[in-house]
Structure formats: C-alpha cells, structure tokens
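Here is the structure we will look at, set down as structure tokens.
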Amino acid sequence: MLSVLARIIDVSMVALGALIAAAVHRRHGVWLDDMQSVSLAFDCLLVVVFFPALGIYRSWRGKPLADLLCRVAVGWLMVEGTGILISFSLHRSDQLSRLWLAYWAVATVVLLVVTKLLVHSVLRGLRREGFNQKAVAIVGGAPYDKFLIEQMRSRPETGFTPALVYDEDGSRSPYDDPDQAQRIEGVPVEHDFDALIAQIRSLRICELWLALPISKERTIHRFVMELRNDFVNIRFIPDVRSLTLFSQPMVDLLGVPAINLAASPITDLRVLPKRVFDRLFAFGALTALAPVMLTIAVAVKLSSPGPVFFRQKRKGIDGNEFYIYKFRSMKLHQEVAGKITQATRRDPRITAVGALLRRTSLDELPQFINVLRGEMSVVGPRPHALEHDDIYKDLVKGYMHRYRIKPGITGWAQINGYRGETDRIEKMMGRVKLDLYYMQNWSFWLDIKIVVLTFWKGFAGSNAY
C-alpha cells in the first residue's frame with residue numbers, strides 16, 4: 002500500500018514540476034502545450050518503470066536517507082534524459098523548449114526530494130510514538146544480541162522492535178525458575194528451534210536477524226529452508242566487529258560486499274573536496290606568502306653556510322617516498338648513517354634564525370610546495386623520518402596505518418599539543434592515537450576546523466623548538 006502511494010506521489014510531483022516550469026517559463030501560462038503534455042505523459046510512464054528498478058520503492062527502514070535522495074535525483078534525471086533522447090529520435094525536439102525542460106528538471110528534483118524528506122520525517126515521528134513497528138527475532142550469542150537490541154531501542158525511528166532471541170548454544174540452569182522465562186535486556190530467550198519457529202508464526206514476526214558467525218552455515222541454512230514458505234525477511238548480520246581493526250564499514254568490491262581490514266578509510270569520491278581545497282589553499286598560500294618566504298630565505302642564507310632548504314625523505318600515502326621541504330634551521334652537520342638525531346631544547350645545532358622559525362613553525366612553509374605537487378595535504382598525520390618509521394612501526398600499534406592517507410602540514414595531533422620532539426614512546430603513542438581518531442572521523446569540515454585552530458593556537462607552542 003505504501004509503495005503504491007509513493008508511486009502516486011512521485012508521478013504527481015513530476016506533473017506539478019511540469020506545471021511550475023510552464024508558469025516560470027510564461028510562454029503558455031500555467032498549462033502545457035500538446036508536445037509538453039505528451040512529454041509529461043511519457044516521463045510519468047518512465048518514472049513507473051525506472052524508479053522501482055533503482056530500488057526507490059523498497060523499504061528504507063534503518064537505511065541512509067541520503068542514499069534514497071541521491072537515487073531519486075539521479076532517477077529523475079535519467080527519466081528526463083531518456084525522454085529528451087526519444088524526442089530527438091522522433092524529430093520532435095524542436096517543439097520542446099530547452100528552457101522549459103531545464104525548469105522542469107530542477108523543479109521536479111526539488112519536489113521529489115522535499116516530499117521524500119516530509120514522508121520520511123512523518124514516518125520517523127510515527128515510529129518514535131510506537132506506530133509502524135516491525136517485530137524482530139534475533140538468532141545469535143548473548144553479547145551481539147544485546148548490542149543489536151540496544152541499537153534498536155536507541156533508534157526507535159527506524160521502526161524495529163526486539164521481540165524474541167534464540168540462543169541454540171545457551172542452556173538453562175537447573176535452579177532457574179521454570180515459570181520465569183530467561184531474558185536478555187527484557188527480551189525473552191528461546192533455546193528450542195521448533196518452539197522458536199512456532200512463535201515466529203504465531204506472533205507474526207516479519208524480521209529474522211541471523212547474528213551468527215559465518216562458520217554457522219548449517220544453522221543459517223536450516224532457518225532459510227524452514228521459513229522458505231513464510232513471508233519473513235531473513236537477514237544475515239555477521240558479528241565481524243572483532244575482525245575490523247579500525248571499525249571500517251562494509252564496502253562494495255566487484256559487486257560483492259567486503260570489509261577493509263587494512264585500507265584507506267577515505268574513499269576517492271569523499272576525498273575530492275579535500276584534494277581541490279589542498280591545491281587551491283597551497284597556491285593561495287604560496288602566492289600570498291611569497292614576500293615572507295623570500296625574506297626568510299635571505300635570513301637563512303645569511304645565518305650560516307648551507308642551502309636555504311632542508312630536504313629529507315619521508316613516506317607519503319601508501320608508503321610512497323618523497324622529499325619534504327623545510328627552511329633550513331640548523332647548521333650543516335654530519336648524521337650517523339641510519340640514525341636521525343631529533344632537535345632538542347637548546348640544541349646547539351639550531352641557528353638563531355632557525356630557532357625563531359621552528360618556534361613559530363615558519364620553517365614548515367615550503368611544504369606548501371609538497372601540497373601543490375600532490376605529495377602532501379594541508380591537513381593529515383605528520384610524516385616522520387624514515388629511520389623513525391623503522392623504529393616505531395613495531396612499537397606503536399597502528400603506526401603505519403597513518404600512511405593510508407596523505408601526510409599533512411598540520412593535523413589533529415598538532416592542534417592538541419603533540420608537536421616537536423617525540424623523546425618518549427608515550428608521546429608517539431599519543432600522537433598516533435590522535436592521528437587514527439582523525440582518520441576514523443574525517444570529514445571536509447573537520448579539515449576546515451583544524452586549519453582554523455592551527456591559525457588560532459597551532460603555529461607556536463611550548464613543544465616547538
């Protein structure tokens with residue numbers, strides 16, 4: 002019933018969008034001419050065909066709303082595009098106003114998205130009040146059952162209610178009260194398979210969630226075969242939380258679900274705004290700061306013999322090595338092969354100009370060249386010397402995972418006080434922990450926040466020397 006109503010609403014919005022487009026176009030008033038009416042009728046038919054194929058009318062209970070809205074927008078553009086192509090093939094395109102088609106496309110997308118949002122909001126409100134609920138039976142072990150029950154109760158707007166739990170491996174204590182059913186979070190627990198099936202049918206439970214390990218193939222098959230003639234949605238929800246090192250979600254790989262145990266947590270599509278921002282910000286910074294950098298270069302050259310820039314190999318995304326650029330802040334000195342001596346407080350190797358540059362982080366400005374070249378990002382985990390990578394990769398959990406994204410000039414760790422020397426392993430562990438938090442919770446707006454906080458408090462600090 003709801004699916005039919007959704008189709009009627011969508012077709013109505015398509016028609017209303019066409020009328021609004023005609024009113025804005027003001028060529029034929031609010032009403033459509035003959036060719037526009039034919040186009041509207043044909044596109045309404047295409048909506049009835051295309052939208053179900055895109056999964057728009059399936060149940061979106063508990064699923065991301067953004068995905069539904071995206072499908073609706075893309076679906077309508079596909080419908081109108083198909084209609085335009087057919088009008089071209091019939092040599093009738095000259096009778097359709099391109100401006101009216103553009104108005105129609107925009108108006109209908111807005112109407113479809115707004116109506117979906119309104120319907121979704123109404124349904125969420127009803128479900129919060131206890132209406133439009135689906136009873137769920139859960140099959141699995143106690144820890145994961147408890148987690149799923151808590152998830153359902155913390156999000157009542159999804160419309161799922163825990164009704165029954167089946168634990169085939171559990172057993173009742175001989176001291177249990179026989180009149181008192183065993184419960185998990187107030188939900189009755191059943192241990193007998195036949196009794197469970199009988200209750201699913203008698204209580205008309207329409208959702209069965211198999212929260213089982215993949216190794217329980219025989220149990221899964223048993224439920225599927227037993228309920229094959231019943232109208233019960235059987236969903237396999239494997240407990241893979243212990244396998245995902247960084248709690249990564251399921252991804253689509255070649256059309257099959259996969260979990261990234263060790264891979265970049267930021268997809269190419271999501272990272273596109275970050276890439277654009279990096280290049281624009283780096284170009285703007287280098288252009289605006291060119292006089293400052295020229296002055297610093299002259300000061301570095303006069304402070305002590307040696308080059309203006311200090312270059313050192315660092316690891317970038319996926320371990321690809323590159324040369325990082327900084328203004329030289331130390332006198333030329335010879336390092337022992339395979340060992341890097343970090344700068345310490347009142348280090349005699351640091352020049353007077355270098356001390357000022359390091360304290361204010363102005364020595365980092367040439368790294369905008371690395372950003373412009375695509376080797377670094379404005380925001381990300383700070384790259385360390387290769388020798389330090391070799392030391393800490395086996396001492397600090399998750400250390401090398403930091404290189405799954407581009408290293409940055411500033412980062413979440415830096416604005417939270419982790420700058421400068423890491424003379425103790427605890428300091429490095431704290432820095433890595435914050436870097437991993439940034440990767441798990443990354444968003445474009447988090448990058449903007451870090452940039453703003455860097456200007457506010459991140460350039461100078463007691464740890465910068």
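Heads up: take any position in the sequence shown, counting from 1, add 1, and you land on the working numbering. Ideal Cβ placement from N, Cα and C applies to all residues, glycine included. Note that the structure is predicted; figures quoted are calculated from it, not measured.
Item	Value
Within a Cβ cutoff of 6 angstroms, which residues of the same chain sit near residue 133, ignoring the five residues on either side of it in sequence?	127, 160
Give the secondary structure of residue 158 by DSSP, where H, G and I count as helix, E and B as strand, and everything else as coil.	helix
By a C-beta neighbour count over all protein chains shown, 10 Å radius and 16 as the cutoff for buried, is residue 449 buried or exposed?	exposed
Where does residue 394 sit, in a helix, a strand or coil, going by DSSP?	coil
Using a Cβ-Cβ cutoff of less than 7 angstroms, which residues in the same chain neighbour residue 286 once the five nearest sequence positions on both sides are dropped?	369
Between residue 70 and the rest of its own chain, which residues show a CB-CB distance below 8 angstroms, the 5 nearest in sequence each way excluded?	114, 117, 118
Alpha helix (DSSP H) containing residue 360: first to last residue?	353-361
Would residue 165 and residue 206 qualify as a contact pair, given that the criterion is a beta-carbon distance under 8 angstroms?	yes
Between 454, 382, 457, which has its C-alpha nearest residue 438's C-alpha?	382
For residue 316 versus residue 387, is the C-beta spacing smaller than 8 angstroms?	yes
Taking the straight line between their C-alpha atoms, what separation do you get for residue 400 and residue 394?	5 angstroms
Cα-Cα, which of 300, 211, 11 is closest to residue 233?	211
Along the alpha helix (DSSP H) that carries residue 108, what are the first and last residues, could you check?	99-129
What separation, rounded to the nearest whole angstrom, lies between the Cα atoms of residue 301 and residue 78?	58 angstroms
Measure the Cβ-Cβ separation of residue 397 and residue 440 and say whether it is below 8 angstroms.	no
Please state the DSSP three-state secondary structure of residue 331.	strand
Counting C-beta neighbours from all protein chains within 10 Å, is the total for residue 5 16 or more, i.e. buried, or is it exposed?	exposed
In angstroms, rounded to a whole number, what distance separates the CA positions of residue 216 and residue 403?	33 angstroms
State the DSSP-derived secondary structure class of residue 53, mapped to helix, strand or coil.	helix
Cβ of residue 80 within 8 angstroms of Cβ of residue 51?	yes
Grab me the residues of residue 111's own chain with a C-beta within less than 7 angstroms of its C-beta, minus the 5 sequence neighbours each way, in chain order.	none
Given residue 61, which residues of its chain have a CB within under 6 angstroms of its CB, disregarding the five upstream and five downstream residues?	69
From this set, 364, 84, 106, which residue's C-alpha is nearest residue 43's C-alpha?	84
So, is residue 195 buried or exposed, given that buried needs 16 or more other C-beta atoms within 10 angstroms?	exposed
Between the beta-carbon of residue 23 and the beta-carbon of residue 33, is there less than 8 angstroms?	yes
Classify residue 147 as helix, strand or coil using the three-state DSSP reduction.	helix
Could you tell me if residue 314 is buried or exposed, where buried requires 16 or more neighbouring beta carbons within 10 angstroms of its beta carbon?	exposed
Determine the DSSP secondary structure at residue 370, reduced to helix, strand or coil.	helix
Could you spell out where the alpha helix (DSSP H) holding residue 413 opens and where it closes?	413-416
Name, in chain order, the residues that DSSP records as bridge partners for residue 208.	137, 234
Starting from residue 191, trace the beta strand (DSSP E) in both directions and tell me its first and last residue.	188-191
Residues in the same chain with beta-carbon distance under 8 angstroms from residue 41, minus the five sequence neighbours each way, listed in chain order, please.	15, 16, 19, 33
Helix, strand or coil for residue 87, going by three-state DSSP, please let me know.	helix
Tell me whether residue 290 sits in a helix, a strand or coil according to DSSP, three-state version.	coil
Quick test of your reading: residue 355 and residue 330, contact by CB under 8 angstroms. State the CB separation rounded to the nearest angstrom.	3 angstroms
How would you write the range of the alpha helix (DSSP H) that residue 203 sits in, first residue to last?	194-203
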